[in-house]
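Each remark here refers to the structure printed beneath this line.
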Amino acid sequence: MKKSPCVLETDDGLGEDANSAPKGPAGEKHGQPPLETPFQKEAPPSPRIRVNLNYRPGLVTPDDPNRFDRDRIFEAVVAGDPEQLNGLSDYLQRTSSFLTDTKYRDGKTGKTCLMKALLNLKDGQNPTIPVLLRIDEETRTQPLCVDESFSSHTALHTAIEKRNLDLVKILVENKADVHVKASGHFFQPHCKGAYFYFGELPLSLAACTNQPEMVMYLLNNPHNKAKLTEQDSMGNTVLHALVMVANDTEKNTELVVNMYDMILMKGAEMDPAFKLEEIVNRKQLTPLKLAAKTGKVEILKHILHREMKDPKFQHLSRKFTEWTYGPIHISLYDLTSIDSCEENSVLEILAYSSNTPNRYKMVALEPLNKLLQHKWESFIKKRFFFSLFLHLIFMFIYTGTAYYRPLKGEPLVPTTMTIKDLLRLFGAVVILIGGIYLFIAQVGCSFLFMAPLTANAFLVQALAILASSVMFFANTEKYVLPMVFALLLGWVNMLYYTRGLQETGIYIVMIQKAILRDLLHFLMVYVIFLFGFATALIILTGGAPHSTHNMSVLLSDDSKEQAVYSGLFQTALLLFRFTIGMGDLEYNENVKYSDLAMLLVLLFVILTYILLLNMLIALMSETVTNVSGYSQSVWQLQVRPLPLRWWPFLAQQWLKWKQIQRTSRREICSLGTILGVPHKSIPNSKPPHSPHFTCFNIGLNFDEEGAQFSFWCL
């Protein structure tokens, strides 16, 4: 029978006021309390309702040598002296208390005496631990931390973190829960502050801290075996946790990869039909997809290229080498969870998640690189350039219609049927249809999954075209305003199609990075300087905005000099001219406080024209150099996701093309030859050497050693 979590504790009433709030140094409440430190004393417990035992005279006296409080127990476990705990069991029975009561815990972290003992080991041992376990055995209460930062952290977690297998065995033999989840704030991934996420579970902690013997004991012990399928509060298994702790360094990658494969093979031994890597977390991510989402390049590369030579575990492989001849070798790749035919695939994550780190490195990995290249070369490329041609024709029609718009005084909608009027009306109708199509393409066909800036630009262009067309057919002359904006934006959006060529695609990426990173920062600082100096000059020279006149007023030479800094807008324009080297310092000679005004202008020129502009040039040069260093991967990242972004428009055509290509692909894989000469075979048959594959693509890689032929399993 499961015990109720509601327990009424007892209190002998002989100690200090336990109902007082925890005390500590000022400012401590703003920080995260450490689980164990020699520099701070444990805080008193939080206020609690207890039964006062003083109503039973003689039960406990102040001078009773067998009276135990928290400090006495903690001192004994820190010293590692079990003799100091003699009589503790009798005292707990007489007072109806348990070692897990709040009066025996740390008031800040909820740390129990057992955790205190585990945190104070000497040569990996503490003789008081068996005594505490024997005393607490009858309670069957799992000692958990209750602090927000270390919530549900148990003695088993502490023993594993201390890498002490003997203590773990003792705890497990005493029925410690091997599936308890350390869900405190300290054990959750977050942006600010210190944390250590290991998957919350004891098994995940042992795996993430590279303790193979500990992992095998937790999985094989006869008392309470850990489950590989157990998930933490975020739905992550032990494999997810290993992906989370990977950091792409050489040593870390080696440890994580070895532990990952060991757990995978252990799961296959327990149940060969079980698919541990297909378990998804709460974000519907498998370990493979999680590696792609978090930008863990090395662990992703290992999973994609994993090849088990042992026939017992060969079904765990994602790469199968069919045969080799010198530098040439043919391999099969399992594309499960990779190809875009599955929802939330790796390709979709790399294409749509613009915030994913190391995207340009991951898209260059095989088989991702060849798979996307195959889709681009065989199907999407022609459609892409055909769309470029249509967009170019549309923009020529739009430009011609705007250029030959009705003159002032003429009706916008033609009332006569001349050739010029008919062409103008035809252009307006084409523009309206194009705007409707572009709007539907953006909103209705999921075209917004593109890069945010590009998608927003196309959507704004569509809205501007629709607004201009509606105002045009309503005979509103102000239709020119949205028309000009849409026309400008349409030609700028032509840059989207430059990614089809490597040279222009990389160039546009450089421009985007320079604008969003370098130029934006420059403008932020420049606007501050401009506003500050303009305000100072206006106040210094005593200028004020002139009143509005209905007629032109000729200004004398003195009036012109006084009007130099007469308004914020005019002063800002004048200072901007100094920034680009077109200002004239002679205008400042006759203004009020001309010397100080001249000094301010010179200081502005030094800070902006000399300092800021040269810094902008240097930063842009650095950006161009950095982008050029990985230009090939940058272009791949620009062009490779295009097949996925075009999918809503080409679904039927893709299915038809895929059906045509399927037979030839199977024939190539069945033959296993370089030339891939087709032969008659059963259309829906599967290759005998890979029964769990459905269909295949073939690709050719070139590396330093020579040619490498690879098959991709769809």
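Everything in the sequence shown is counted per the UniProt record's numbering, starting at 1 for the first residue and increasing by one.
Backbone N, C-alpha and C define an ideal beta-carbon position, used for all residues, glycine too.
8 Å contact criterion, which residue i and residue j should meet: CB distance rounded
i	j	result
V238	G199	6 Å
I431	T476	Going by Cβ atoms, the distance from I431 to T476 rounds to 16 Å, so no, they are not a contact pair.
L519	L616	7 Å
Y91	R67	7 Å
M214	I160	6 Å
L228	G267	5 Å
I170	L121	Between L121 and I170 the Cβ distance is about 13 Å, and since that is not below 8 Å, they are no contact.
L242	A207	6 Å
Inter-residue spacing [alpha-carbon to alpha-carbon] between residue i and residue j
i	j	result
I440	L463	11 Å
V168	L255	22 Å
A76	A155	17 Å
M417	G500	42 Å
L537	F576	14 Å
Y593	A428	59 Å
N164	N252	22 Å
P130	E173	11 Å
H315	M262	15 Å
L371	R306	18 Å
R282	M234	6 Å
K103	E83	22 Å
Q512	V624	11 Å
H689	L332	Low local confidence applies: a pLDDT of 37 at H689 is under 50, so the model's placement there is unreliable, and no value is given.
L219	P212	11 Å
N369	I515	29 Å
A291	T498	30 Å
A273	S337	18 Å
R405	M524	39 Å
M582	V605	11 Å
I303	P357	18 Å
N210	Y197	14 Å
L425	T579	46 Å
P367	D421	56 Å
L488	I436	18 Å
Residue i, buried or exposed, once every other Cβ within 10 Å from all chains shown has been counted against 16
i	result
K289	buried
V443	exposed
K312	exposed
R72	exposed
E622	exposed
N126	buried
S97	buried
N614	exposed
P287	buried
L335	buried
L611	exposed
Q652	In this predicted model, Q652 has a pLDDT of only 45, less than 50, meaning its place in the structure is not dependable; the value taken from the coordinates is given anyway. Per the 10 Å Cβ criterion, exposed.
Y260	buried
H521	exposed
L602	exposed
N236	buried
E277	buried
Run of the beta strand (DSSP E) containing residue i, from where it starts to where it stops
i	result
I328	I328 to D334
K319	K319 to Y325
Unbroken alpha helix (DSSP H) run spanning residue i, endpoints
i	result
F379	From DSSP, F379 is part of no alpha helix (DSSP H); its letter is neither H nor E.
F426	I419 to V443
E250	E250 to M270
F604	S594 to V605
H305	No alpha helix (DSSP H) holds H305; DSSP gives it neither H nor E.
N220	P212 to N220
P357	First-last for P357: undefined, no H or E at that position.
D166	L165 to E173
V78	R70 to A79
M582	Segment: none, M582 is in no alpha helix (DSSP H) and carries neither H nor E.
F187	Unbroken run through F187: none, as it is neither H nor E.
E503	Q502 to K513
V238	V238 to V245
Near the ligand SAM: residue i beta-carbon under 7 Å from a heavy atom
i	result
F533	In the structure on display, the ligand SAM does not appear, and there are no ligands present to speak of.
Exercise. Does the stretch 474 to 493 come within contact of the stretch 370 to 389, defined as at least 3 CB pairs closer than 8 Å?
Worked result: no
Problem set entry | Three-pair Cβ contact test at 8 Å for the stretch 298 to 311 versus the stretch 232 to 250 | yes
Exercise. Counting Cβ pairs closer than 8 Å, one from the stretch 346 to 363 and one from the stretch 309 to 326, do we hit at least three?
Worked result: no
Exercise. Would you say the stretch 525 to 540 touches the stretch 567 to 575, given that touching needs at least three Cβ pairs under 8 Å?
Worked result: yes
Exercise. Is there contact between the stretch 503 to 510 and the stretch 390 to 398, where contact requires at least three CB pairs shorter than 8 Å?
Worked result: no
Exercise. Would you call the stretch 210 to 226 and the stretch 164 to 181 in contact, with 3 or more CB pairs under 8 Å?
Worked result: yes
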